[in-house]
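Enquirer: For reference, the structure I am asking about is given below.
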Amino acid sequence: MLESGVESWPFAQALLELSKEKSGQKQAETNTSQFLRTLSQVESKLSDQINYLTQVSTGQPHEGSGYASQKVLQMAWHRLEHVRSWVNELDRLKASHLSATRSVSGNVQNGNMTSSGTST
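According to the numbering used here, the sequence shown is numbered sequentially starting from 52.
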């Protein structure tokens, strides 16, 4: 028999368990069940991580991420810049048209237009 207090040591408990034939088998089954539960939990967590990484890498919105919002904002800025370039082009065309109209109307008022509509 072991000295008092030594029985509480993990290795001592293991030795005591191994010395008992039925209890050892039961303990082995318990340990195996616990291992399988732990393995199942690890598998579940890995699956969750793989799903999360799949969402992140494909740009899908996912909980806890600002990626989708950031992508929407980036696209909005791109559209804004595109609209600004259109407006600038329209302003340029308007100014060009107004300038041409003023020069034609100025020539007509001065009587400098020929019958073909060109200035002299």
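Yeah, the Cβ is synthetic: ideal placement off N, Cα and C, and Gly gets one too.
(1) Can you look up G117 in the DSSP assignment and give me helix, strand or coil?
(2) Just checking my contact of Y118 with V134 at CB under 8 Å: how many whole Å lie between their CB atoms?
(3) Measure the C-alpha to C-alpha separation of T89 and K96 and round it to an integer number of angstroms.
(4) Using a Cβ-Cβ cut-off of 8 Å, state whether D142 counts as contacting chain D.
Expert: So, from the data block:
(1) coil
(2) Not really, about 25 Å apart at Cβ, beyond 8 Å.
(3) C-alpha separation (whole angstroms): 11 Å.
(4) Looking for chain D here will not work: only one protein chain is present.
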